[in-house]
Amino acid sequence: MAIREEILEELLKDYKNPEDLIGKDGLLKELTKRLVEKAMDSELTHHLGYEKHSPSGKNSGNSRNGKSSKKIKGDFGEVSIEVPRDRNGDFDPQIIQKHQTRFDGFDDKIISMYARGMTTRDIQAHLQEIYGVEISADLVSRVTDAVINDVKEWQNRSLDEVYPILYLDATIVKVRSEGRVVNKSAYLAIGINIDGIKDVLGIWLEQSEGAKFWLKVMTELKNRGVRDIFIACIDGLKGFPEAIEATFSQAEVQLCIVHMVRGSLRFVSWKDRKAVAGDLKGIYQAATEEQAKADLESFAQKWDGKYPTISKSWMANWQRVIPFFSYPKEIRKIIYTTNAIESLNNSLKKTIKNRASFPNDEAAVKLLYLSLKNIQKKWTMPARDWGKALNQFAILYKDRMPC
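This note's numbering puts the last residue of the sequence shown at 1167; the count rises by one with no breaks.
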């Protein structure tokens, strides 16, 4: 709607500084109040069916019945408005509805700040400083608790039938339980769909993992529509291989190579790290499993004297490492690392770092979900070189590819 220049000039005739316009008692706040009140008066006229003081209202069965005061919180602070009433008490204004105490969009600001890791105290201080609005901790809780239904709907939504790649990992959150703070793992599943787009399939909070827990997770994914998974990339999750093999019998379980390398380098002295990392690279970049095994044996001969646990760790996990060598380079590049989910976890850790602990599981999942929504807005492009990888998947799994 265009506003005529003469109206703007009239409004700004006494303008001297920004405070006159956007300050605590500035023009925008007063204009908001007057426009809202005028809109409600118009709504009441429409509801009654006649203009104020019109003779047609006589004996109409309903009439205006004064006004009541109401305070609304918004971007310009707290605004006091006069709400018109009708005698029958059935007028329900739409611009500011009954029981509404905040302008539309104000709750979204609270949720947005909460999703970025701001504590309740931070949110209160920010709104007071920026908008001059005082809100209670209870209000922040009530606004963000409204997200819980969205979380439940999201966690139970239908999923794609086929995910060529599934990543699984966990991030630690502190939660109060039975009067004490305990560490719980927030397990995340990221699926890469046929189009190469990442999607978080769910969040599961658990104090300990195992085959029973992972069987529950895999069964849930299956019940939500997942029919097949080609490759599951994991970081040594206990009980997971057995669970996925029981649920998705054709899925290949691949241990994350980068996690193996990092674990190997953890206790290597700084002066040897470059040399050890280079020799490990020769193992996982080998063209074949046979060559990789030979390179591992050479590594053991060279380094077992100083770091005997490295080769032993690789040999102990070899059956979960070797699927990697059966794939062409286009697929290897994608499953080489769980960086996709590690990057996600790093973002989540930044969000939750301000929280000493969560009062319960629900509060932790609520914040993780809101943070995930922000992160996933950036996931609009397929994985790098996905077209080439998809062609390889079509050859390797031609009978399992969706039509």
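Think of the CB as a built atom: it goes at the ideal place given N, C-alpha and C, for glycine as much as any other residue. The model shown is predicted, which means the values in this text are computed figures rather than measured ones.
As computed with DSSP, Glu846 is found in a beta bridge with Ser833. Within 10 angstroms of the beta-carbon of Pro1005 lie 16 or more other beta-carbons, which makes it buried. For Arg944, the enclosing beta strand (DSSP E) stretches over residues 944-956. For Val911, the three-state secondary structure derived from DSSP is coil.
Here Arg798 carries a helix assignment [DSSP, helix/strand/coil]. Here the stretch 929-941 makes contact with the stretch 952-971; the two share three or more CB pairs at distances below 8 Å.
The DSSP assignment places 992-998, 1016-1019 as complete runs of the beta strand (DSSP E) inside the stretch 989-1061, in order along the chain (cut-off: 3 residues). For Leu969, the enclosing beta strand (DSSP E) covers residues 962-970. Short of 7 Å from the beta carbon of Leu1132, and not among the five residues preceding or following it, lie these beta carbons of its own chain, in chain order: Ala950, Ile967, Leu1112. The beta carbon of Asp850 lies closer than 8 Å to those of Leu808, His811, Leu812, Asn826, Ser827, Arg828, Asn829 in the same chain, with the five residues before and after it left out. Contact check between the stretch 1050-1059 and the stretch 1011-1019: fewer than three CB pairs, one atom from each, fall below 8 Å, which does not count as touching. Around the Cβ of Thr1144, a 10 Å sphere holds fewer than 16 other Cβ atoms; the residue is exposed. If you look at Thr983, you'll find it isn't in any beta strand (DSSP E); it sits in the alpha helix (DSSP H) that goes 975-987. Looking only at Arg1119, Tyr1091, Asp805, Val939, the smallest Cα-Cα distance to Ser832 is reached by Asp805. Taking the Cβ atoms as the reference, Ser1135 lies roughly 21 Å from Val945, outside the contact range of under 8 Å. In terms of Cβ geometry, Glu801 and Ile845 form a close pair [threshold 8 Å]. When DSSP states are grouped into helix, strand and coil, Gly1151 belongs to the helix group. Ranked by Cα distance from Arg906, the options Lys1130, Gln858, Pro1072 are led by Lys1130.
Listed in chain order, the non-local C-beta contacts of Ala1010 below 7 Å within the same chain comprise Leu979, local neighbours out to five positions each way being set aside. DSSP lists Asn947 as the beta-bridge partner residues of Lys938. Unbroken alpha helix (DSSP H) stretches of 4 residues or longer found wholly inside the stretch 1104-1163: 1125-1140, 1150-1160, given in chain order.
Judged by their CB atoms, Tyr927 and Val981 are not nearer to each other than the 8 Å cut-off. In this structure, Ser824 is the residue among Ser824, Tyr878, Phe870, Gln858 with its C-alpha nearest to the C-alpha of Asn852. Under the 10 Å beta carbon count, Gln861 is surrounded by fewer than 16 other beta carbons and is classified as exposed. Residue environment analysis places Leu799 among the exposed positions, since fewer than 16 neighbouring C-beta atoms fall within 10 angstroms of its C-beta.
Note: Val926 is bridge-paired with Asp992 in the DSSP secondary-structure output.
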